[in-house]
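Numbering that gives the first Met the number 0 numbers the first residue of the sequence shown as 0 and each following residue consecutively. Glycine residues also receive a C-beta, built at the ideal position from the N, C-alpha and C atoms. As the structure is a prediction and not an experimental result, all values here were calculated from the model.
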Amino acid sequence: MENKVYKDLMRKICILACAASSLLAQEACLQGVPSHVSARYRGPEGIGYNRGYTTLEGFITPNWQRGFQPFLDVRGHMFDSGRAAANIGIGGRFSIFSDWALGGNLFYDFRDAKHLRSHQIGPGLELLSSMIDFRLNGYFPIAGVKKLDSLTFNQFSGFGNELIATRKFAGAPANLAFEVGAPLGPYLDPYLSIGSYYLFRRSVDNVGCAGVWGGIARLGLQVFDGITIGGEISYDGEYKTRGNGFISLSYPLGPNTIRRHGSRWKKWYQTPECNQRAISQRVMTKNVIRQEIIPLCTKTAEFQFNLDCVFADGNAPAGGDGTYASPFNDLNDAFAKAGVDGCVYLLGGTFTGNFNPSAQLLGSACEQVITVADGTTITLPPLTPGVYPVIENPGGFIFGTLGIGTISENLFVRGIEFGASLIDVTYIMLSPRRGNYSFSCNRHTGGGGAFFLVGLESILINDSEFNVFSPILGNIIQISNTLSTIITNSSFNPLNSFPLVLDFNTIAPGATIVLSNNVINNADDFTNFYRIVGEYSNLVFENNTINVGVDLFFQIESQGPSGTLTFKNNLFIDVDPGVDPVLQFRNTFGSDEIIFNKNIIQGNNTFD
């Protein structure tokens, strides 16, 4: 009985001794660290990118020689242009037989490019060995996949109203790639891989790119322990031939970062068993080979359109047909052809008279958003930057008469100079109230008031210059019986005395008036800058600057129940030593609320 117990005990001791011996032998074969940090530069171009980039990579994996090898692979890239990209991947490899391993990985990729910020998911499969490797990688963008810019004006073709416009498309095509790689020999551990890939087509509105096959070859050389150089060359129907080279430095050293047949390898793995274990560990911890930069493709498509607008040029010869190639030189002819609701574009010159304009009157001095024949809009750049076509009428009003006339119910005027004569007045009177009117990017240089407007639904005056003089007792802007008035981003530079710059007398009950971001200069001869008489729902005066004082800046008189009166973030420069106030409120019925906030008043006077 005792002999049997003794034999069982000795057998267990032998088993434990053998296991311990095997474990010690395995641990003795572990040399270096497979986890490493690599710094790398690759350039000048590759599949879907045309700048070189610098990479900092961290490859983290356990330092063991077992049948399963998990890893984390993190890469950050910075292109020579300053744009960034990144990859974060996890994966694992399983030893299946001898020194063969089957692996899988999943990466998240990001790229910040000029035309697109793209995100993608990239799964991969690997069959690896010391003699040959097989890799299958997929790349599937999930955000920032494609973008189609708006139409951009290129040029007029020279035929009628035909113009050429372009649209730029940017896309991140999905990609499927297969590669086979193998070491070529002992000297410098050359590693060659070749493969093919397919870039799936990306498009928007028949503008797109990719949808092509390609091929790629890579070569790497382990010139020193921890130092690798190499390059790749590819060709496909989208990017054509692309080639690049790289240099990579890795630390700390391990079986996957030193030369397989170098002196360090021979020193670390002296026994056949350790050598075989190191070969297996090298297979299990190989670098993940994949396209680390999301490929982007761009296309510029060209389109031809006919502008739905009539052209006129005061400097053009007579006999034109109203096209860009052959404009009218008579503005009345242009308005007649366009009709009340049409569009007229002035290319230059001076036009004199009283006119009933079409719904859109555009000038070549400013950028214009214009409609082409199929209803699409295109932004035209200024065709004569800073040089305004001029409309004048020394004998009276430019637009309208002392009555209703035939003016369109909606009027948009942009890029025109009014004036350059004695008593130019832009006059519009509508009754009953109707119409939405917009005047922007215009210049007013004539005598008398620039606007006398009665009976509008709304008026917008924006981004305009008023360099006017007054030979008569007129106001620069006089508006009556209008529900909504907005005057913004404009400058007033009167050349001599005006009774008023802005006169709202009498405003419509419940009207809204907004004056913001305007500049008033040379105002010292005004009786008043600003007068409001009537009932208002909302009155806003903010972010304005008045540079020279007047006898009385503001005179506000409510003639019925009125709403909110707001003065905010204005600069009032009152240099007049007189006794008149800056602001005078004659609130017969009173306002619901008066807000006076963050204004700066320079001078002797304040407000009543």
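Between which two residues does the beta strand (DSSP E) containing residue i stretch?
{"i": "Glu-272", "result": "Where Glu-272 is concerned, there is no enclosing beta strand (DSSP E), although the alpha helix (DSSP H) it sits in stretches over 271–283."}
{"i": "Lys-336", "result": "First-last for Lys-336: 330–337, but that is the alpha helix (DSSP H), not the beta strand (DSSP E)."}
{"i": "Pro-122", "result": "116–127"}
{"i": "Val-32", "result": "Careful: Val-32 lies outside any beta strand (DSSP E) and carries neither H nor E."}
{"i": "Pro-182", "result": "174–182"}
{"i": "Lys-146", "result": "145–147"}
{"i": "Tyr-197", "result": "190–198"}
{"i": "Leu-248", "result": "239–250"}
{"i": "Lys-597", "result": "Run containing Lys-597: none; DSSP gives neither H nor E here."}
{"i": "Leu-459", "result": "457–461"}
{"i": "Lys-167", "result": "161–170"}
{"i": "Val-203", "result": "201–203"}
{"i": "Ala-311", "result": "309–312"}
{"i": "Glu-391", "result": "389–391"}
{"i": "Thr-370", "result": "367–370"}
{"i": "Leu-410", "result": "409–413"}
{"i": "Gly-207", "result": "206–208"}
{"i": "Ile-397", "result": "396–398"}
{"i": "Gln-359", "result": "359–362"}
{"i": "Leu-452", "result": "450–453"}
Since residue i is in the alpha helix (DSSP H), which residue starts that stretch and which ends it?
{"i": "Lys-266", "result": "262–267"}
Can you check whether the CB of residue j is closer than 8 Å to the CB of residue i?
{"i": "Asp-72", "j": "Gly-88", "result": "yes"}
{"i": "Gly-91", "j": "Phe-106", "result": "no"}
{"i": "Gly-418", "j": "Leu-361", "result": "no"}
{"i": "Asn-441", "j": "Ser-457", "result": "no"}
{"i": "Val-309", "j": "Lys-336", "result": "yes"}
{"i": "His-118", "j": "Gly-137", "result": "no"}
{"i": "Ile-369", "j": "Leu-306", "result": "yes"}
{"i": "Gly-319", "j": "Asn-353", "result": "no"}
{"i": "Gly-214", "j": "Arg-200", "result": "no"}
{"i": "Ile-594", "j": "Phe-566", "result": "yes"}
{"i": "Asn-392", "j": "Thr-351", "result": "yes"}
{"i": "Gly-230", "j": "Phe-245", "result": "yes"}
{"i": "Asp-108", "j": "Arg-82", "result": "no"}
{"i": "Asp-188", "j": "Arg-263", "result": "no"}
{"i": "Val-619", "j": "Leu-127", "result": "Since the displayed the chain opens at 0 and closes at 607, residue 619 lies outside it and no answer follows."}
{"i": "Phe-450", "j": "Ile-478", "result": "yes"}
{"i": "Asn-328", "j": "Ala-315", "result": "yes"}
{"i": "Val-177", "j": "Leu-162", "result": "For the record, residue 177 in the displayed sequence is Phe; it is not Val. Result no, Cβ atoms of Phe-177 and Leu-162 do not sit closer than 8 Å."}
{"i": "Arg-289", "j": "Gly-123", "result": "yes"}
{"i": "Val-32", "j": "Pro-182", "result": "no"}
{"i": "Thr-609", "j": "Gln-68", "result": "Given a span of 0 to 607 for the chain in the structure shown, any question on residue 609 remains unanswerable."}
{"i": "Asp-312", "j": "Pro-326", "result": "yes"}
{"i": "Asn-537", "j": "Thr-511", "result": "yes"}
{"i": "Val-179", "j": "Ser-192", "result": "yes"}
{"i": "Tyr-52", "j": "Met-77", "result": "yes"}
{"i": "Leu-175", "j": "Tyr-196", "result": "yes"}
{"i": "Asp-156", "j": "Gln-303", "result": "Note that residue 156 corresponds to Ser in the displayed sequence, not to Asp. It is a contact, given that the beta carbons lie within the stated cut-off."}
{"i": "Ala-300", "j": "Thr-165", "result": "yes"}
{"i": "Pro-140", "j": "Ala-100", "result": "no"}
{"i": "Gly-321", "j": "Ala-333", "result": "yes"}
Identify every residue that forms a DSSP beta bridge with residue i.
{"i": "Gln-68", "result": "Arg-92"}
{"i": "Gly-348", "result": "None; Gly-348 has no bridge partner."}
{"i": "Pro-140", "result": "Gln-119"}
{"i": "Thr-375", "result": "Bridge partners of Thr-375: none, in fact."}
{"i": "Leu-295", "result": "Answer is none; Leu-295 lacks a bridge partner."}
{"i": "Gly-229", "result": "Gly-219 and Phe-245"}
{"i": "Arg-41", "result": "Tyr-52 and Phe-245"}
{"i": "Arg-82", "result": "According to DSSP, Arg-82 bridges with nothing at all."}
{"i": "Trp-99", "result": "Phe-96"}
{"i": "Ile-545", "result": "Ile-519 and Phe-571"}
{"i": "Met-77", "result": "Thr-53 and Ala-83"}
{"i": "Ile-485", "result": "Leu-459 and Val-513"}
{"i": "Glu-464", "result": "Arg-442 and Ser-490"}
{"i": "Asn-62", "result": "Beta-bridge pairing links Asn-62 to no other residue."}
{"i": "Gly-253", "result": "According to DSSP, Gly-253 bridges with nothing at all."}
{"i": "Thr-151", "result": "Thr-165 and Thr-378"}
{"i": "Ala-300", "result": "Arg-166"}
{"i": "Asp-111", "result": "Arg-116"}
Notebook entry, point to check: Is there contact here, the segment 120–133 with the segment 332–341, by at least three beta-carbon pairs under 8 Å?
Noted result: The answer is no - the segment 332–341 does not touch the segment 120–133, with fewer than three Cβ pairs under 8 Å.
Check: Would you call the segment 274–281 and the segment 232–247 touching, i.e. three or more CB-CB distances under 8 Å?
Finding: Judged by Cβ distances under 8 Å, the segment 274–281 makes no contact with the segment 232–247, as fewer than three pairs qualify.
Margin query: Does the structure place the segment 138–148 close enough to the segment 159–175 that three or more beta carbon pairs sit under 8 Å?
Written below: For the pair of segments examined, the segment 159–175 was found to touch the segment 138–148: the number of CB pairs separated by less than 8 Å reaches three.
Checklist line | the segment 54–64 contacting the segment 32–46, beta-carbon criterion three pairs below 8 Å | finding: Contact holds: three or more Cβ-Cβ distances are below 8 Å.
Notebook entry, point to check: Three or more beta-carbon pairs under 8 Å between the segment 480–491 and the segment 501–517, yes or no?
Noted result: In short, these stretches touch, since the Cβ pair count reaches three.
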